[in-house]
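Everything in the sequence shown is counted per my numbering, starting at 2 for the first residue and increasing by one.
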Amino acid sequence: MPAQHDAVPASVFDYGQEMRSSMKKNGGMTRKTEWKERFADILYTLFIVAAASLFCLLLNEAGVMKENVLMVFLIGVLLVGAFTSGYEYGIIGAVVSVLLFNYFFTVPVHTFAIMNPDDVVLMALFLAVSCISSGMTARFRKQAAIAEENEKAARRMSEMSEKFINVTGKEHIIELGIRYIQENTGYRASVEIYGDESGQEENETGYVIFPIGGILQKIGELKVFTDDNGLGSEQEIFIRAAAGQIGIALDRELIYSEQEKTRLEVEREHLKSSMLRSISHDFRTPLTGIIGDCDMILASRDADEEEKESLVNDIREQSMWLTRTMENILSMTKLEGGTDFIDRRQEVLEDLVYEAERHITGLREHRRFQNSVPEEVLTAEVDGRLIIQVLVNLLDNAMKNTGEGGTIRLSLSFQDNKAYFVVEDNGKGIKPGMEQQIFGEFVSVSEKSPDQKRGIGLGLAICKEVVEAHGGKIWAENRLEGGARFTFWLKAEAAG
């Protein structure tokens with residue numbers, strides 16, 4: 002049997018005190034109901050016996066023999082057993098029927114004297130048959146009532162099992178179990194999960210503890226507060242079933258959480274490995290170029306100034322690409338760390354556009370670059386460094402996806418208190434269906450750029466995170482004329 006002991010700190014989900022007062026009221030109502038049922042059974046008994054007696058008198062007037070008349074009384078006794086709730090009413094009906102039979106149908110009539118020994122045997126057999134039939138009828142009724150209760154209990158447990166299959170979340174599972182226990186037993190309950198110290202201490206006494214078991218081990222305890230009233234067998238069976246369902250559901254939730262944690266760890270390791278592979282691969286090309294240019298400068302001391310300048314510009318371009326890549330990696334680290342990385346200040350958006358253009362080496366020399374800004378001065382409360390990084394990433398992406406002499410356009414416009422930044426090119430565009438996926442981590446828009454450099458797939462992901470952190474929105478689409486268009490907006494205002 003479950004034992005009683007003091008409570009320990011745990012997660013406790015309790016219902017209120019109303020149920021105890023309602024149980025007291027229900028106790029008084031139950032006693033009244035019992036008296037009403039007894040009174041109704043007595044009335045049924047008297048009515049059936051009276052009806053049987055009247056019918057027997059009519060049969061006697063018609064000349065029917067008294068042995069057949071006694072069968073009518075027996076039918077009446079059987080009806081009493083069928084329509085009343087206890088075998089004692091059938092016995093009472095049988096005794097009253099024998100007395101009425103003796104008074105009206107045995108010689109001498111209208112007296113309780115018996116002259117014929119056959120009548121004594123007949124009435125004795127009648128009483129025996131009536132008692133046996135009343136007892137059997139009462140037993141059948143009891144068995145039917147038990148079967149009905151068992152059916153109701155099975156239905157309740159089936160309903161509870163179906164509910165537990167669909168519920169998710171530890172708190173919802175515990176709340177559902179406690180609610181079912183209270184609705185079906187009238188007792189409050191609480192659940193204590195081992196290892197969870199976030200709950201409050203329970204100082205009440207008079208409770209019964211049921212274990213909550215998982216597949217491999219016991220995971221908690223279920224307290225049912227009975228106020229020392231004890232539990233019926235049906236109540237205990239139901240509570241044990243509820244504790245079992247709570248344990249299965251909590252165990253399922255724990256297994257799912259562990260699987261989800263494992264999946265996230267595997268995914269994180271995969272992303273980390275992908276990033277390391279991308280970094281090692283994509284850093285090798287510019288570093289090799291820088292080292293090669295430096296070797297050529299050192300080896301060619303007699304080279305003309307124009308050749309040296311070309312090599313230095315190439316070193317600078319490769320170094321700027323490495324710098325942008327490192328900035329993207331550091332920004333993504335801050336984003337994934339969940340720290341507040343935005344330092345908002347009032348900025349002139351036109352200045353941010355020009356600053357971003359300056360960071361892209363060869364933008365005007367190797368591409369047909371166009372920009373467009375409104376005549377009015379637009380300002381916004383943003384982190385200027387991050388917005389410049391967004392524009393640099395978009396322009397760098399356009400550089401990678403257009404050939405020598407390709408067209409790139411950057412425009413800034415203002416509408417409905419929003420500043421719209423648009424970067425578009427005439428390259429080969431975005432693969433159909435990839436318009437949303439390209440903003441994911443480690444996703445590259447193109448396989449290879451014209452200058453043989455591949456991005457590690459963080460630039461557009463950072464653009465999306467930064468723009469959304471500022472309360473804006475970014476999206477990509479293909480141009481009808483060919484090429485891609487990237488648009489994002491930020492809340493802004495026009496300077497007066």
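Cβ atoms here follow ideal geometry from the backbone N, Cα and C, with glycine treated the same way. All figures in this text were calculated on a predicted structure; none of them were measured in a lab.
Please report the residue range of the beta strand (DSSP E) in which P212 lies. Y208 to G214 is the extent of the beta strand (DSSP E) around P212.
Reference I179; option with closest CA among R156, K153, P433 and F226: For I179, the nearest C-alpha among the options comes from F226.
Q218 - DSSP class collapsed to helix/strand/coil: Q218: coil per DSSP, three-state reduction.
Taking the DSSP output, what are the residues bridged to D426? Beta-bridge pairing by DSSP links D426 to I409.
Other residues of its chain near F239: CB distance less than 6 angstroms, five sequence neighbours each side excluded: In chain order, N185 place their CB closer than 6 angstroms to the CB of F239, counting only its own chain and leaving out the 5 sequence neighbours on each side.
Cβ shell of G385 (< 7 angstroms), same chain only, five flanking positions each side left out: Cβ neighbours of G385 beyond the five flanking positions: R346, E348 and L353.
Pick from V99, N69, E62 and L299 that is closest to G78, judged by C-alpha positions: Looking at the sequence provided, one finds Val at residue 78 rather than Gly. Per the Cα distances, V99.
According to DSSP, simplified to helix, strand and coil, what is A477? Looking at A477 - three-state DSSP - the assignment turns out to be strand.
Out of V70, Y45, F48 and E366, state which residue places its alpha-carbon closest to the alpha-carbon of C57. Here the closest residue by C-alpha is V70.
Going by the CB atoms, is the gap between L379 and E351 shorter than 8 angstroms? Yes.
Roughly how many angstroms lie between the CA atoms of M297 and S311, to the nearest whole one? When rounded, the distance between both Cα atoms is 11 angstroms.
So what's A4 in DSSP terms, helix, strand or just coil? Summary for A4: the model assigns pLDDT 42, below 50, so the residue's position carries little reliability, and this model does not support an answer.
Roughly how many angstroms lie between the CA atoms of M327 and L387, to the nearest whole one? Taking the straight line from one Cα to the other gives about 14 angstroms.
For V374, I'd like the list of residues in its chain whose CB is within less than 7 angstroms of its CB, leaving aside the five on either flank, ordered along the chain. Cβ within range, chain order: E351, V354 and L413.
Can you give me the C-alpha to C-alpha distance between G231 and S134, rounded to a whole angstrom? Taking the straight line joining both Cα atoms gives about 36 angstroms.
By a C-beta neighbour count over all protein chains shown, 10 Å radius and 16 as the cutoff for buried, is T107 buried or exposed? Looking at its Cβ environment, which holds 16 or more other Cβ atoms inside 10 Å, T107 is buried.
Which residues in the same chain have their Cβ closer than 6 angstroms to the Cβ of N103, if we skip the five residues on either side of it in sequence? The answer, listed in chain order, is F113.
Would the beta-carbon of G221 fall within 8 angstroms of that of E193? Yes; because the gap between Cβ atoms is below 8 angstroms, this pair is in contact.
At 4 residues or longer, what runs of the alpha helix (DSSP H) sit wholly inside the segment 47 to 90? Taking only runs of at least 4 residues, the alpha helix (DSSP H) segments lying wholly in the segment 47 to 90 are 67 to 84.
Taking only three categories from DSSP, how would you classify S258? It is helical.
For F211, which of H111, R365, A242 and I439 has the nearest alpha-carbon? F211 has its Cα closest to that of A242, out of H111, R365, A242 and I439.
Are there 16 or more other CB atoms within 10 angstroms of the CB of I174, so buried, or fewer, so exposed? Answer is buried; the Cβ neighbour count reaches 16.
What does a CB cutoff of less than 7 angstroms around E478 pick up in its chain, not counting 5 residues either side in sequence? So the list reads E436 and R486, once near-sequence residues are dropped.
Own chain residues within Cβ distance below 6 angstroms of G290, not counting five before or after: Excluding residues within five positions, the ones whose Cβ falls inside 6 angstroms are Q319.
Helix, strand or coil for Q183? Go by DSSP, reduced to three states. Three-state result, Q183: helix.
Could you give the distance in angstroms between the alpha-carbon of G170 and the alpha-carbon of D252? Whole-angstrom Cα-Cα distance: 11 angstroms.
The beta strand (DSSP E) that contains I564, what's its start and end? Since the first and last residues shown for the chain are 2 and 497, residue 564 lies out of range.
Just the C-alpha distance for R480 and G430, rounded to the nearest angstrom, thanks. The straight-line gap separating the alpha-carbon atoms of R480 and G430 is approximately 8 angstroms.
Taking the alpha-carbon positions, what's the L411 to E382 distance? When rounded, the distance between both Cα atoms is 21 angstroms.
So what's N230 in DSSP terms, helix, strand or just coil? In the three-state reduction of the DSSP assignment, N230 falls in the coil class.
Just how far apart, CA to CA, sit I43 and E254? Their backbone Cα atoms lie some 56 angstroms apart in a straight line.
Pick out whichever of H271, A250, Y188 and K219 has its Cα sitting closest to the Cα of E237. Distance from the Cα of E237 is smallest, within the candidate group H271, A250, Y188 and K219, for Y188.
8 angstroms Cβ cutoff met for C132 and I92: For C132 and I92, yes; Cβs fall inside 8 angstroms.
Can you find the residues in the same chain that come closer than 7 angstroms, C-beta to C-beta, to S86, ignoring five residues on each side of it along the sequence? Here the set comprises E38 and D42.
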